[in-house]
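Asks: First the structure, then my questions, so here it is.
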Amino acid sequence: MSIPDSEITPESVYRNRRAIMKSALFAGTSLATVSLYRAFAPKPAMEQTGEAIATQASDFAYPKIGPDETPTPYDDIASYNNYYEFSTSKSEVAHAARNFKTDPWKLEVGGLVENPLTLDLADIQRRPMVERVYRMRCVEGWSMVIPWIGFPLHSLLEEAKPSAAAKYVAFQSYYDIQQMPDSRYAGIELPYVEGLRLDEAMHPLTLLATGLYGKSLPNQNGAPIRLVVPWKYGFKGIKSIVKITLTDQQPPTTWSTTNPAEYGFYSNVNPEVDHPRWSQATERRLGESGRRPTLMFNGYGDEVASLYAGMDLKRDF
Ligand code: MTE
Numbered sequence: 489m490s491i492p493d494s495e496i497t498p499e500s501v502y503r504n505r506r507a508i509m510k511s512a513l514f515a516g517t518s519l520a521t522v523s524l525y526r527a528f529a530p531k532p533a534m535e536q537t538g539e540a541i542a543t544q545a546s547d548f549a550y551p552k553i554g555p556d557e558t559p560t561p562y563d564d565i566a567s568y569n570n571y572y573e574f575s576t577s578k579s580e581v582a583h584a585a586r587n588f589k590t591d592p593w594k595l596e597v598g599g600l601v602e603n604p605l606t607l608d609l610a611d612i613q614r615r616p617m618v619e620r621v622y623r624m625r626c627v628e629g630w631s632m633v634i635p636w637i638g639f640p641l642h643s644l645l646e647e648a649k650p651s652a653a654a655k656y657v658a659f660q661s662y663y664d665i666q667q668m669p670d671s672r673y674a675g676i677e678l679p680y681v682e683g684l685r686l687d688e689a690m691h692p693l694t695l696l697a698t699g700l701y702g703k704s705l706p707n708q709n710g711a712p713i714r715l716v717v718p719w720k721y722g723f724k725g726i727k728s729i730v731k732i733t734l735t736d737q738q739p740p741t742t743w744s745t746t747n748p749a750e751y752g753f754y755s756n757v758n759p760e761v762d763h764p765r766w767s768q769a770t771e772r773r774l775g776e777s778g779r780r781p782t783l784m785f786n787g788y789g790d791e792v793a794s795l796y797a798g799m800d801l802k803r804d805f
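Count along the sequence shown starting at 1, add 488, and that's the number in this note's numbering.
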């Protein structure tokens, strides 16, 4: 799919808004942030219905995108989607998911924890939020830069208090054939499931996202809450999560169950490990012409490479 430049919201609008937001955060309250989002939000061609989300001022100093990178326009992020429960056609997901009901919502955190939790939508929304502008690299060879809003997964896991036996975290998406009638053509077993090792889940880069571009998540991007692990291929970013379960066994994941020769449990972005059917050395950034070199760990190696010390990343991909 190619997107004509004329349909793209100028990044300068968003960059300018971010500069103003930053000074507002220094000046004071998150309330100021909300009104600034309202005042300066780009007007996308696609209707942006989410509520503005307040972000908190302080966050861990995660690596910023490079000077030659800009956030991908909202319209591209919200109209080029992989969400097989709704459609296997990227351009049809947004329409197919338009009436998806995300309120009421229930997210359960359980398994090997001392303090199991059940969160409803209000519990999720009232958590302190941060904004993180991360690269997202899909295993198919395209990429985006997304300004997520959310909270670090470790903050939720710390509340649930993993027991000493917990080694992995399993995630499960919502699934309802009534709301997702085309899921019968998905070609994958549903509900969609994913997993991380506990140290990956606890890493400060790992986010539970509830919004993007300062607004609540569009349904097609995984409302009301989805996982974002920026150094892994995009399919690890499981959408519309209803269950988080701490376990002592490596949990099954949808794509490695579907095709274990092509998709591993770790699925770290790695330009040196080709997909059996195509090279992973370069990527097509949405909204740009040409291709960019793919970065080891998607450019987050300084932060995460130590998690994999001693592992053979070609074998344990
Ligand atoms: N989560 C669920 N439940 N179902 C899916 O089909 N697709 C994955 C991931 N999460 C998927 C999912 C894939 S393959 C990718 S690349 C990303 O979501 C895409 O996220 P985006 O549509 O927000 O860009």
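Built from N, CA and C at the ideal position, the CB exists for glycine as well.
1. Who are Met632's beta bridge partners in DSSP?
2. Using beta-carbon positions only, say whether Val730 and Leu641 come within less than 8 Å of one another.
3. Give the straight-line distance between the Cα atoms of Thr606 and Ser744, rounded to the nearest whole angstrom.
4. Around the C-beta of Arg623, are 16 or more other C-beta atoms found within 10 angstroms, so that it is buried, or is it exposed?
5. CB of Tyr788 to nearest heavy atom of ligand 1: below 7 Å?
6. My guess is that Val657 and Ile732 are in contact by the Cβ rule of under 8 Å, so how many angstroms apart are they, rounded?
7. With DSSP run on the structure shown, which of helix, strand or coil describes Gln613?
8. Compute every distance between the C-beta of Ile726 and the non-hydrogen atoms of ligand 1, then say whether any falls below 7 Å.
9. Measure the CB-CB distance between Arg685 and Lys655 and report whether it falls below 8 Å.
10. Does the distance between the C-beta of Tyr572 and the nearest non-hydrogen atom of ligand 1 fall short of 7 Å?
11. Residues in the same chain with beta-carbon distance under 6 Å from Ser728, minus the five sequence neighbours each way, listed in chain order, please.
12. What residue does the beta strand (DSSP E) around Val730 start on, and which one ends it?
13. Please classify Gly778 as buried or exposed, where buried requires at least 16 neighbouring CB atoms within 10 angstroms.
14. Taking its Cβ as the centre, do 16 or more other Cβ atoms sit within 10 Å of Trp766, making it buried, or is it exposed?
15. State the DSSP-derived secondary structure class of Ile726, mapped to helix, strand or coil.
16. Assign Gly675 to buried or exposed, taking buried as 16 or more other Cβ atoms, counted over all protein chains shown, within 10 Å of its Cβ.
17. If distances are taken between C-alpha atoms only, which option among Ser577, Ala610 and His583 comes closest to Thr590?
18. For Thr694, which three-state DSSP category applies?
19. Quick one: what's got a C-beta closer than 7 Å to Ala584's C-beta in the same chain, skipping five residues either side?
20. Taking the alpha-carbon positions, what's the Gly787 to Asp556 distance?
21. Per DSSP, Ala658 is paired with what?
22. Which of helix, strand or coil does DSSP assign to Val581?
23. Give the DSSP-derived three-state secondary structure of Ala648 in the structure shown.
24. Can you tell me whether Gln667 sits near ligand 3, meaning its C-beta is under 7 Å from at least one heavy atom of the ligand?
25. Does the beta-carbon of Gly710, which I'm using as the reference point, lie nearer than 7 Å to any heavy atom of ligand 1?
26. According to DSSP, simplified to helix, strand and coil, what is Ala533?
27. Determine the closest residue to Cys626 out of Val681, Tyr673, Glu602 and Asn569, with distance taken between C-alpha atoms.
28. Would you tell me roughly how many angstroms separate the C-alpha atoms of Asp563 and Thr782, rounded to the nearest one?
29. At a threshold of 7 Å, does Ser661 count as lining ligand 1 (C-beta to nearest heavy atom)?
Replies: Once the coordinates are examined:
1. Within the DSSP bridge table, the entry for Met632 names Met624 as partners.
2. No, the pair does not count as a contact, with Cβ atoms beyond the cut-off.
3. Rounded to the nearest whole angstrom, the C-alpha separation of Thr606 and Ser744 is 28 Å.
4. Buried.
5. No.
6. The C-beta distance from Val657 to Ile732 rounds to 6 Å, short enough to fall under 8 Å.
7. The DSSP-derived three-state label of Gln613 is helix.
8. At least one heavy atom of ligand 1 lies less than 7 Å from the C-beta of Ile726.
9. In contact: Arg685 and Lys655 (Cβ atoms closer than 8 Å).
10. Yes - ligand 1 has a heavy atom lying nearer than 7 Å to the Cβ of Tyr572.
11. Excluding sequence positions up to five before and after Ser728, its CB lies within less than 6 Å of the CB of Ser661, Tyr662 and Gly710, all in the same chain and listed in chain order.
12. First-last of the beta strand (DSSP E) with Val730: Ile729 to Thr735.
13. Exposed, because fewer than 16 other Cβ atoms sit within 10 Å of the Cβ of Gly778.
14. By the Cβ-count criterion, Trp766 is exposed, with fewer than 16 other Cβ atoms from all chains shown falling within 10 Å of its own Cβ.
15. Of the three classes helix, strand and coil, the one that applies to Ile726 here is coil, per DSSP.
16. Its Cβ having fewer than 16 others within 10 Å, Gly675 is exposed.
17. Looking at the Cα atoms, Ala610 is the closest of the given residues.
18. Three-state DSSP puts Thr694 in coil, outside helix and strand.
19. If we look at Ala584 and ignore the five residues flanking it on each side, its Cβ neighbours are Phe574, Ser575 and Asp670.
20. One C-alpha to the other measures close to 13 Å.
21. Under the DSSP definition of a beta bridge, Ala658 partners with Gly683 and Thr733.
22. It is helical.
23. In the three-state reduction of the DSSP assignment, Ala648 falls in the helix class, which pools H, G and I.
24. For the structure depicted, ligand 3 is absent and the ligand set comprises only ligand 1.
25. It does: the Cβ of Gly710 is within 7 Å (strictly closer) of some heavy atom of ligand 1.
26. With a pLDDT of 48 at Ala533, under the threshold of 50, the predicted position of this residue should be treated as unreliable, though the coordinate-derived value follows. Reduced to three states, the DSSP call for Ala533 is coil.
27. Checking every option, the nearest Cα to that of Cys626 belongs to Asn569.
28. Taking C-alpha positions only, Asp563 is separated from Thr782 by approximately 23 Å.
29. Flag set: Cβ of Ser661 near ligand 1.
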